[in-house]
Amino acid sequence: MYGIGRYRQETILFLPMTYSKISLLFCLLFPVSVLAQTVVPDTLKKAARPDSAAIADSTARLKKEEAAKAAPVAASDPTGFHYKITADGTITAGNVDRALIQVGGSFDWAVSKIFRFASSPTFAYGRQNQQLNEREFLADFRASYLHERRFYYLGFGATEVSNLRKIRNRLTGGAGVGYKLLSRKNAYLSVTNVLLYEYTDFISNTAEVQDVNVLRNSTRVFGEYQWDDGRYSVNHTLFLQPALNQPNLRWNGNVSFQMRLTALISVRTMVQNSYESVVAVGRKNNDFRWTMGLVLEVK
1 MYGIGRYRQE TILFLPMTYS KISLLFCLLF PVSVLAQTVV PDTLKKAARP DSAAIADSTA
61 RLKKEEAAKA APVAASDPTG FHYKITADGT ITAGNVDRAL IQVGGSFDWA VSKIFRFASS
121 PTFAYGRQNQ QLNEREFLAD FRASYLHERR FYYLGFGATE VSNLRKIRNR LTGGAGVGYK
181 LLSRKNAYLS VTNVLLYEYT DFISNTAEVQ DVNVLRNSTR VFGEYQWDDG RYSVNHTLFL
241 QPALNQPNLR WNGNVSFQMR LTALISVRTM VQNSYESVVA VGRKNNDFRW TMGLVLEVK
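Numbering-wise, the sequence shown is residues 1 to 299 according to the UniProt record's numbering.
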């Protein structure tokens, strides 16, 4: 009896303690579980639910990208300092020994959104049958004001020496305005019109042909087009320069096709033509040149 009663007493005492512990544990965990369900967000629902801030950022980014694509970007209006160096020529031997080498450069420095400076010097050297025919040098300097706008202003000066046309020295200078007809990433077309003064000193003067001292109106049309992510490009330049105070007309133009081989090296072919109504004695009015060569360009 004693053993049974003791066992029963221990059992009776054990059961209340066990239920008490379970009840206490249940009471402690229930508020925590309720609190957890109330405070902790449902991550699945949050992922499925659109985030207004993310949508706003994405929309703003898309609008910015579309605006950048739609905005006109002038092909010839990069910022900073950029240059291009070209080398063309031909060499023949046999019945006619001829060598022609033509080197040119294009330097562009955008100082700010207001001022821009550029220069395109060229040098050509040619011999035929042991006789010097061509030794041409041209150096120019151009300054643009408000160059990033569609309508801008420019001024320039140039000096030229030509053995081919018997020009000892030619000086030109002037100022005018320019307008961008087309200003896109892959297509650029502009026209400029300036009033310029020219002085030309011929090597041989006669009674028929004297040094030229004229005032000209100069119109230039320049275009640059590229495709296949810039691998192929076509450039053209045309100058029309009639004199205002005497019968004297000058015009010259060139068209070039360029194919990029590497990021820096391209191959190019160019056709050039120049005409002057007043030339030195023994010189022809028209000169034509077709060359092929390489281009080193840093953009």
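Think of the CB as a built atom: it goes at the ideal place given N, C-alpha and C, for glycine as much as any other residue.
Since the structure is predicted, the reported quantities are computational estimates derived from the model, not experimental observations.
Is the Cβ-Cβ distance between L196 and R216 less than 8 Å? yes
Kindly indicate the opening and closing residues of the beta strand (DSSP E) around R220. 212–227
Cut-off 6 Å between Cβ atoms - residues of its own chain near R289, not counting five sequence neighbours on either side: Q272
Out of A175, L294, V221, which one is the CA nearest neighbour of T269? L294
Can you check which of these residues, R142, G155, A263, N129, is closest to N95 by C-alpha distance? N129
So Y188 packs on E224, CB below 8 Å; how close in whole Å? 5 Å
Count the other C-beta atoms from every protein chain shown that fall within 10 angstroms of the C-beta of V281, then say buried if there are 16 or more, exposed otherwise. exposed
Three-state secondary structure (DSSP) at L189? strand
Given a cut-off of 8 Å, decide if F137 and A151 are closer than it, judged by their beta-carbon atoms. Per the sequence presented here, residue 151 reads as Phe, with Ala not at that position. Taking 8 Å as the Cβ cut-off, F151 and F137 do not qualify as a contacting pair.
Restricting to Cα atoms, I'd like to know which of Y83, E297, D287 is closest to S162. D287
Buried versus exposed, by CB contacts within 10 Å (16 or more), Q241: buried
Would you check if the distance between the CB atom of E198 and the CB atom of V177 is smaller than 8 Å? no
Tell whether a beta-carbon distance below 8 Å holds between F115 and A139. no
Classify K113: buried if its beta carbon has 16 or more other beta carbons within 10 angstroms, exposed otherwise. exposed
Roughly how many whole angstroms lie between the Cα atoms of D97 and Y125? 14 Å
Beta-carbon proximity list for Y232, same chain, < 8 Å, skipping 5 on both sides: Q226, F257, Q258, M259, R260
Tell me whether the beta-carbon of N252 lies closer than 8 Å to the beta-carbon of F239. yes
Buried or exposed for A118, going by 16 or more other Cβ atoms inside 10 Å? buried
Distance check for K185 and L35, CA to CA, integer angstroms please. The predicted model places L35 with a pLDDT of 37, which falls under 50 and marks its position as unreliable, so this point remains unresolved.
So, helix, strand or coil for E136, using DSSP? strand
From the DSSP output, read off the bridge partner residues of V234. Y225, F257
Report the option in F202, Y83, H236 whose CA atom is closest to the CA atom of F107. Y83
So, under 8 Å CB-CB, D88 and T219 are touching, yes? Tell me the CB distance rounded to an integer number of Å. Wrong, their Cβ atoms sit about 26 Å apart, outside the cutoff.
Can you have a look at V194 and say buried or exposed, based on whether 16 or more other CB atoms are within 10 angstroms of its CB? buried
What does a CB cutoff of less than 6 Å around V234 pick up in its chain, not counting 5 residues either side in sequence? Y225, F257
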